[in-house]
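Read in order, the letters of the sequence shown are residues 468 to 802 in the numbering used here. Notes to accompany the following structure.
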Amino acid sequence: MKVLVTGTAGFIGNELALRLLARGDEVIGVDNLNDYYDVQLKEARLARVIDHENFTEERISIEDRDAMAAVFKKHQPQGVINLAAQAGVRYSLINPHAYVDSNLVGFVNILEGCRHHGVEHLVYASSSSVYGSNTEMPFSTHHNVDHPVSLYAASKKANELMAHTYSHLYNIPTTGLRFFTVYGPWGRPDMALFMFTKNIIEGKPIDVFNYGKCRRDFTYIDDIVEGVIRVLDKVPKANNNCDNSKPDPSTSKAPYRIYNIGNNQPVELLKFIEVIEENIGKKANMNLMALQPGDVPETFADIDDLMRDVGFKPDTSIEDGIGAFVKWYRDYYGV
């Protein structure tokens with residue numbers, strides 16, 4: 468299969484590209500290597516795939532309409548996995564235009580590419596952030612998600628709406644995946660595990676929001692990638708049993724699906740930090756702080772639909788996942 472993957476220098480996209488190449492797929496990798504975080508880390512990730520005979524790099528931005536149109540025309544991919552996006556809840560409070568450019572303009576360029584070149588399946592990253600102020604747990608794809616609490620979350624909800632429109636109008640099979648707090652080796656420096664590990668090793672304090680009482684459905688990178696690949700291979704069909712008088716956000720009479728991918732086991736932030744401390748062999752100096760604007764106190768994924776449709780349930784424990792990350796961090800930075 469020829470698969471166009473956006474964000475191949477990113478955390479999830481890079482690991483996904485490796486797995487697709489390992490199973491014999493041809494990967495067209497799109498990434499602009501922007502400086503939102505350490506470009507050297509992105510280059511190091513890319514070095515893991517760049518020389519593979521079935522990998523082709525296209526160093527462009529998804530918001531570049533002409534460049535994206537040219538990539539689709541040149542490569543004619545069968546499948547597309549969009550993981551390129553401006554990430555981060557807190558950064559969306561500072562630089563909202565970056566989210567409009569990448570997550571909205573960029574996404575419509577991808578949809579248009581799929582429309583004009585007969586793509587068989589578009590899989591794209593949504594986020595657990597779309598659940599916003601919802602307090603019904605666990606978060607289900609059948610819940611209403613019309614109350615986002617950050618622009619990042621709103622942009623991901625918009626992606627789901629845009630995808631449904633193209634599935635409805637042009638019969639393009641699309642699947643959105645709501646990721647829940649992804650972590651693991653080669654992770655992003657702006658995420659909690661990376662920052663906590665770095666600061667604890669260096670003897671610096673860590674900022675712990677909501678006084679450590681946040682609960683997150685931490686999901687290990689290998690589980691995320693396995694879920695993405697299984698979903699890619701499960702092309703959605705129209706659900707003719709849908710009742711339009713009672714719309715279900717997760718399915719449609721169009722070839723459209725939404726799934727959660729989470730560990731289905733929320734962990735309190737203080738417990739998460741405790742496991743990091745055990746792996747490093749050093750206690751953290753914590754600055755306990757109030758919940759930040761745009762953040763939610765808890766995430767918890769209902770993954771029944773994912774298990775039913777693709778037969779997969781993430782199950783990596785935080786003890787194993789954090790242990791793997793800390794080992795990678797020490798090896799990569801030589802500490």
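We treat Cβ as the ideally placed atom computed from N, Cα and C, and that holds for glycine. The structure presented is a predicted model; accordingly, all values stated were derived computationally and were not measured.
| task | With DSSP as the reference, please indicate the residues paired to S594 in a beta bridge. | result | Per DSSP, the beta-bridge partners of S594 are F646.
| task | Output yes or no for whether 8 Å exceeds the beta carbon distance between L699 and H588. | result | yes
| Who does N475 pair with in a DSSP beta bridge? | The question names Asn, but residue 475 in the sequence shown is Thr. The partner list for T475 (beta bridge, DSSP) is empty, contrary to what the question assumes.
| query | Quick one, which of G491, F739, G748, H584 has its alpha-carbon nearest A659's? | reply | F739
| message | If I measure Cβ to Cβ from L471 and keep anything under 6 Å in the same chain, skipping five residues before and after, which residues do I get? | response | Excluding residues within five positions, the ones whose Cβ falls inside 6 Å are I495, P544, V547.
| With burial defined as no fewer than 16 other Cβ atoms inside 10 Å of the residue's Cβ, what is the status of Y726: buried or exposed? | Around the beta carbon of Y726, 16 or more other beta carbons lie within 10 angstroms, which makes this residue buried.
| task | Output the boundary residues of the alpha helix (DSSP H) element that contains T602. | result | Premise fails: T602 is in no alpha helix (DSSP H) and is neither H nor E.
| message | So, does the stretch 698-712 touch the stretch 636-647, judging by three or more C-beta pairs under 8 Å? | response | Counting C-beta pairs closer than 8 Å gives three or more between the stretch 698-712 and the stretch 636-647, which meets the contact rule.
| request: Closer than 8 Å by C-beta to N711: which residues in its own chain qualify, once you throw out the five before and the five after it? Chain order, please. | output: Around N711: K720.
| Distance between S594 and N430 (C-alpha atoms, nearest Å) | Absent from the model: residue 430. The displayed extent of the chain is 468 to 802, so no value can be given.
| Once you ignore the five residues that flank I743 on each side, which residues in its own chain have a CB closer than 8 Å to its CB? | L660, F663, T664, I667, A751, I789, V793
| query | What is the DSSP secondary structure of M535, reduced to helix, strand or coil? | reply | helix
| message | Can you give me the C-alpha to C-alpha distance between A620 and Y558, rounded to a whole angstrom? | response | 12 Å
| said: Which of the three DSSP states is assigned to A552 in this structure? | reply: coil
| Mind pulling the beta strand (DSSP E) runs of 3 or more residues that sit fully within the stretch 706-741? | 723-728
| Expressed to the nearest angstrom, what Euclidean distance is found between the alpha-carbon atoms of S634 and D798? | 44 Å
| said: DSSP three-state label for K623, please. | reply: Shown here, K623 sits in a helix according to DSSP, grouped into three states.
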